[in-house]
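Protein chains in written order, with the numbering used here: chain A, 10 to 175; chain B, -16 to 316.
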């Protein structure tokens, strides 16, 4: 077993800190999770990222306005979404678009437009458009990698999709 | 490769058009979604080799059993209201209904088989979609309850066994690099679980702005081969430079598993990890990988209770688990 917590002397220490004191002297501290939490050094496990964000959301007047935004279809408010992390209905993506896009971009390496599979029911032309976007992206990557064989293949595929029946 | 890659999994998140997401769905709507999806799946060939399970009619222990077999998420097992799953007899496919999204299709395979899995899940998705309309937006793609899954709704996960990098202390560096690449690194049972016994599940977090094929290809051709390569090199280094230390780990694990009188699930994962490494590296030949895999599964809490035939508290489970290991590994100890 490791060292006991220096604060409560009951539980093995799992949080190890090195404080640099004024003057450059170092001080080591060994605490258990509970004592570290009480000192505010660790986040409580139940305090998820959404509740931390929620605390920020509570400040500021313009943010208050946003928080009141509500979807007319499912009734969810922006604030409710931010505190629970899940949306209420597909329509929310439209209602909250302005505020949602920055979040989506942060979660997806800057992207906010879908590339990839499209349901058959969304129509042939939408499907073809999406396929072309995807092929062109792959083409750009292939050229970047100097994989000319793959690039030639992709150019043929793009041509076939463009010339294909509607 | 399969020494290091235990299994591969792909899932797609889908929602049925015309219904709210589950956070805003009442009892009636949940039931309606469950019925709509099970009816639709029932009409396809998926139903031919699957069983449709209504969780409201399934005991918590049986649901936990499905979690341990990686067929459903823990969140789904512990959820509430109308929900269930359509699981193939071969246990290589599971369609979860009313989990976080209306539908989560997942396919599983041992080793690294992502291309085959993508083809299969794409086919299954088409089958379901042929008779139902999904919530889809040309800009955002497949709409999901949580915006972190929007777009393709795809999650590619690979379960890795990386004991040598743990011993050579390279693991943190590699996992940090993986996180820098926007990959999630979790434990054996996915979201919210810790990596115990050197088992790591690596999965993508970005689901928008890249096609399914791109995401799958990154995993299959780039990310996973690199991690596997690091692990194999670490194993080589250990075998050459620290053979005594390696053997000590393996044989200690064998000794404890074959003799202990009480063992927690956590300790057993830790020890089995070392045995698994010993078997793969040819340093321990008394058991084969089939037995090691069986021991992994059968000593999980729900499986152990099934095997024992009754519910057991944590302490009794530890005793029964130790007995099981002694019987399978220790002979007459």
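No residue lacks a Cβ here, since even glycine has one placed at the ideal position from N, Cα and C.
Since the structure is predicted, the reported quantities are computational estimates derived from the model, not experimental observations.
Report the option in the options whose CA atom is closest to the CA atom of residue i.
i                      : options                       : result
residue 123 of chain B : B:151, B:152, B:190 and B:183 : B:190
residue 230 of chain B : B:262, B:213 and B:243        : B:262
residue 120 of chain B : A:143, A:142, A:141 and A:123 : A:123
residue 141 of chain A : A:168, A:84 and A:43          : A:168
residue -10 of chain B : B:97, B:8 and B:58            : B:97
residue 167 of chain B : B:138, B:179 and B:283        : B:138
residue 114 of chain A : B:192, B:298 and B:312        : B:192
residue 158 of chain B : B:292, B:109 and B:213        : B:213
residue 17 of chain A  : A:43, A:162 and A:37          : A:43
residue 269 of chain B : B:198, B:297, B:238 and B:110 : B:238
residue 98 of chain A  : B:260, B:125 and B:77         : B:125
residue 23 of chain B  : B:7, B:112 and B:283          : B:112
residue 233 of chain B : B:267, B:42, B:49 and B:311   : B:267
residue 105 of chain B : B:-7, B:182 and B:39          : B:-7
residue 135 of chain B : A:116, A:125 and A:154        : A:125
Just confirm the distance between the C-beta atoms of residue i and residue j, as a whole number of angstroms; I'd bet it's less than 8 Å.
i                      : j                      : result
residue 92 of chain A  : residue 110 of chain A : Residue 92 of chain A to residue 110 of chain A, Cβ: 20 Å. No contact.
residue 19 of chain A  : residue 40 of chain A  : Contact doesn't hold; Cβ gap of about 11 Å is too wide.
residue 179 of chain B : residue 252 of chain B : 5 Å
residue 80 of chain A  : residue 95 of chain A  : Not a contact, Cβ separation roughly 13 Å.
residue 294 of chain B : residue 110 of chain B : Incorrect: roughly 39 Å between the Cβ atoms, too far for contact.
Use the C-beta contact count for residue i: other C-beta atoms within 10 angstroms, 16 or more gives buried, fewer gives exposed.
i                      : result
residue 69 of chain B  : buried
residue 12 of chain A  : exposed
residue 83 of chain B  : buried
residue 307 of chain B : buried
residue 1 of chain B   : exposed
residue 242 of chain B : exposed
residue 47 of chain B  : buried
residue 127 of chain A : buried
residue 70 of chain A  : Confidence in residue 70 of chain A is poor, its pLDDT being 48 and thus under 50, which makes the residue's placement too unreliable to answer from.
residue 149 of chain B : buried
residue 74 of chain A  : exposed
residue 93 of chain B  : exposed
residue 28 of chain A  : exposed
Residue i to residue j, Cα distance in whole Å?
i                      : j                      : result
residue 153 of chain B : residue 200 of chain B : 25 Å
residue 257 of chain B : residue 144 of chain B : 10 Å
residue 274 of chain B : residue 210 of chain B : 26 Å
residue 26 of chain B  : residue 3 of chain B   : 24 Å
residue 195 of chain B : residue 130 of chain A : 19 Å
residue 88 of chain B  : residue 47 of chain A  : 42 Å
residue 51 of chain B  : residue 162 of chain B : 26 Å
residue 25 of chain A  : residue 35 of chain A  : 13 Å
residue 175 of chain A : residue 164 of chain A : Residue placement at residue 175 of chain A is flagged as unreliable, the pLDDT there being 45, under the threshold of 50; the coordinate-derived value follows with that caveat. Cα to Cα, residue 175 of chain A sits roughly 19 Å from residue 164 of chain A.
residue 61 of chain B  : residue 30 of chain B  : 25 Å
residue -4 of chain B  : residue 79 of chain B  : 10 Å
residue 9 of chain B   : residue 114 of chain B : 24 Å
residue 299 of chain B : residue 86 of chain A  : 48 Å
residue 54 of chain B  : residue 164 of chain B : 27 Å
residue 222 of chain B : residue 278 of chain B : 25 Å
residue 133 of chain B : residue 127 of chain B : 5 Å
residue 227 of chain B : residue 101 of chain B : 42 Å
residue 106 of chain A : residue 158 of chain A : 40 Å
residue 73 of chain B  : residue 91 of chain B  : 10 Å
residue 171 of chain A : residue 197 of chain B : 21 Å
residue 249 of chain B : residue 236 of chain B : 13 Å
residue 100 of chain A : residue 84 of chain A  : 11 Å
residue 45 of chain A  : residue 30 of chain A  : 19 Å
residue 303 of chain B : residue 240 of chain B : 12 Å
residue 255 of chain B : residue 309 of chain B : 13 Å
residue 32 of chain A  : residue 23 of chain A  : 27 Å
residue 10 of chain A  : residue 58 of chain B  : Here residue 10 of chain A scores only 48 on pLDDT, less than 50, and its place in the model should not be relied on; the value that follows carries that caveat. Approximately 33 Å, taken between the alpha carbons.
residue 6 of chain A   : residue 107 of chain B : Summary: the structure shown does not reach residue 6 of chain A, with chain A confined to residues 10 through 175, and so no result is reported for it.
residue 42 of chain B  : residue 49 of chain B  : 11 Å
residue 171 of chain B : residue 118 of chain A : 26 Å
residue 284 of chain B : residue 292 of chain B : 12 Å
Near residue i, what residues of its chain come up, given a Cβ to Cβ distance below 7 Å and the 5 sequence neighbours on each side ignored?
i                      : result
residue 4 of chain A   : No answer is possible for residue 4 of chain A: the residues shown for chain A start at 10 and end at 175.
residue 207 of chain B : -12, 95 and 141
residue 218 of chain B : 147 and 264
Looking only at its chain, what residues have a beta carbon closer than 8 Å to the beta carbon of residue i, apart from the 5 residues adjacent to it on each side?
i                      : result
residue 220 of chain B : 147 and 151
residue 13 of chain B  : 5, 64, 65, 66 and 81
residue -1 of chain B  : 16, 19, 20, 85, 86, 115, 116, 117 and 118
residue 160 of chain B : none
residue 272 of chain B : 259, 262 and 263
residue 281 of chain B : 287, 290 and 307
With a CB to CB cut of under 6 Å and the five nearest residues on each side skipped, what residues in its chain are close to residue i?
i                      : result
residue 36 of chain B  : 67 and 68
residue 301 of chain B : 245, 246 and 247
residue 202 of chain B : 97 and 139
The ligand MG and residue i: does the residue's C-beta get closer than 7 Å to at least one heavy atom of that ligand?
i                     : result
residue 57 of chain B : This structure simply doesn't include the ligand MG, nor any ligand for that matter.
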